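Data first, discussion second: the structure below is written as structure tokens.
In UniProt numbering, the protein residues as written are 1 to 556.
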């Protein structure tokens, strides 16, 4: 064990590294790479701090009764005749994208999956422990270099890359998440600047030669709420391009529209990133989470069971349609949402029923005008590919053909319409069971978790948490039951106790004892019953996975 403390990272002045020393990690955390990350942090930390303060101030207004809406001050941008930079040929076809954490075997399988794009995730699908983050950077470097392999001893199999692979996109963490293992001038670095900075520093040259055909690297940007946050990313990209001496506009990014405030800022977000944008994506699970979070002070906007809040809901369909129109009007991709189903190997009938739901969802997307979509499992790629190929007329995208001018009539009221449905005891139980099991896995280092034939990440756990909180806060009536009851702390306490017993029965006594289910239950229950809604489940739980080792001293 002591061997882990014998080495020290080569850190520049003002930088401290408190994560475990590892020789492979040292190849990522070089002095020059850390200097690049530190330069980004010093240049943009005040802008990030201001943007986060703006989020808090806007939420206070929402809590006082104000509703989100289009900003009159930026009307000229929304109505203006402008376009984003042309889409690079290397990523013109994005009909199906697979997503997953930056784990070694996952990266190889995803790049070999037959998808057009693999989004390697440092965010919702990854538990951001030091080991996961640094190992993820090593894995991505090896993937870009084409040298990545994985030896599965249990299956006696070695995994390597095929000759043809998906294009690699990387999703860093959101602006709100810190990286407590790396300090710059005594304060934690913004997590996304670590993720972006280290990946860009080590991979931009090779990536542009092998993946981007002279463009790139390519990124996904999560949790943006306002165009000012997109503007910061644009400046980060310009700073990186200047550092690397590559053409302005080389770096390209797709923004996830996964917060309710952002749907009213889509033109403005694209405008700020117009030299670096390659589209927007419907991050629909986080979008539902954001709907509850935005309206946390509005007791008249209680959601029905989360399984009822799908794309057939008027506010969700309006969001998707407006995103398509906005992207195609500006010349970039409009990406559809996630298919989270995973194959049900022991039940062919149930598996076929699940696949049919996926086909219907993807048929809706392609007919609406989406240029591509997301899948969580390689087994979904052939049926989804068939749906898109059959409905796109041989074209790589629908940017020029599906203009969706009809969506220009979508109003604020359309985007804010209350979802319809009922609340049930099973909805409360499912939220509780999924939230606790996901958090237990996250605390032990896993951020992408198969539960009840769906691949769950932090977004689903967030929906579970905030919906429970909302129902408890306003003593919601479970109106889908024969006997209507209110959701009270006493009822919730009984549900938690019963669902913990069910979890133990499902996972087995030994796994339950070895896992962190009790700790996860405490955290989840505390957040559901808190008088004030915590902004993010993972932000609150982050201190439980931070492991600080003796810091590497900076150079004097």
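Just so you know, even glycine gets a beta-carbon here, dropped at the ideal spot from N, CA and C. Quick caveat, the model's predicted, so the values are computed rather than measured.
By the Cβ-count criterion, residue 101 is buried, with 16 or more other Cβ atoms from all chains shown falling within 10 Å of its own Cβ. When DSSP reads this structure, residue 282 sits in a beta bridge with 257. Excluding five sequence positions before and after residue 95, the CB atoms of its chain that fall closer than 6 Å to its own CB belong to 116, 372, 388, given in chain order.
Pairing residue 200 with residue 217 gives a Cβ-Cβ distance under 8 Å. In this structure, residue 85 lies away from residue 167, with their beta-carbon atoms at least 8 Å apart. In the DSSP assignment, residue 175 is bridged to no other residue. Residue state for residue 116 is assigned as coil, using DSSP reduced to three classes.
With 16 or more neighbouring CB atoms inside 10 Å of its own CB, residue 41 falls in the buried class.
DSSP places residue 488 in the coil class of the three-state scheme, outside both helix and strand.
Annotation for residue 442: the continuous alpha helix (DSSP H) segment containing it runs 425 to 443. Counting only runs of 4+ residues, the alpha helix (DSSP H) found wholly inside the segment 137 to 217 occupies 191 to 210, in chain order.
In the DSSP annotation of this structure, residue 352 is not part of any beta strand (DSSP E); the continuous alpha helix (DSSP H) holding it starts and ends at 348 to 368. If the five residues before and after residue 240 are omitted, its C-beta is found closer than 6 Å to the C-beta atoms of 200, all from its own chain and listed in chain order. Judged by DSSP in its simplified three-state form, residue 30 adopts coil rather than helix or strand.
Distance from the CA of residue 464 to the CA of residue 244, rounded to the nearest whole angstrom, comes to 43 Å. Within a 10 Å sphere around the beta-carbon of residue 350 sit fewer than 16 other beta-carbons, which makes this residue exposed. Residue 365 and residue 375 have their C-alpha atoms some 13 Å from each other. If the five residues before and after residue 234 are omitted, its C-beta is found closer than 8 Å to the C-beta atoms of 272, 273, 275, 276, all from its own chain and listed in chain order.
In terms of CA proximity to residue 134, 19 leads the group 65, 163, 19. Sequence-distant Cβ neighbours of residue 474 in its own chain, meaning closer than 7 Å and more than five residues away, are 299, 302. Taking C-beta separations shorter than 8 Å and ignoring five residues to either side along the sequence, the partners of residue 424 in its chain run 305, 478, 480, 481, following chain order. Take residue 93, set aside five residues on each side of it, and the residues of its chain with a beta-carbon closer than 6 Å to its own are 116, 396, in chain order.
In terms of CA proximity to residue 46, 187 leads the group 540, 317, 187, 401. Taking a cut-off of 8 Å for Cβ pairs, the segment 64 to 82 and the segment 306 to 318 do not touch, as fewer than three such pairs fall below it.
C-alpha of residue 469 to C-alpha of residue 524: approximately 10 Å in a straight line. Here the alpha carbon of residue 155 sits roughly 18 Å from the alpha carbon of residue 148. By the neighbour-count criterion, in which 16 or more other beta carbons inside 10 Å mark a residue as buried, residue 448 falls on the buried side.
Residue 182 holds the alpha-carbon nearest to the alpha-carbon of residue 15 among 70, 252, 182, 21. For residue 103, there is no enclosing alpha helix (DSSP H), as DSSP gives it neither H nor E. Bounds of the beta strand (DSSP E) holding residue 335 are 334 to 339.
Contact check for residue 165 against residue 203 fails: the beta carbons are separated by 8 Å or more. In this model, residue 28 and residue 222 are separated by some 24 Å (Cα to Cα).
In the DSSP assignment, residue 456 forms a beta bridge with 449.
By the criterion of at least three beta-carbon pairs nearer than 8 Å, the segment 511 to 520 is in contact with the segment 439 to 459. According to the DSSP secondary-structure assignment, residue 220 is paired through a beta bridge with 254.
Using a Cβ-Cβ distance cut-off of 8 Å, the segment 391 to 408 and the segment 126 to 133 are not in contact, since fewer than three pairs of beta carbons, one from each stretch, lie closer than that value.
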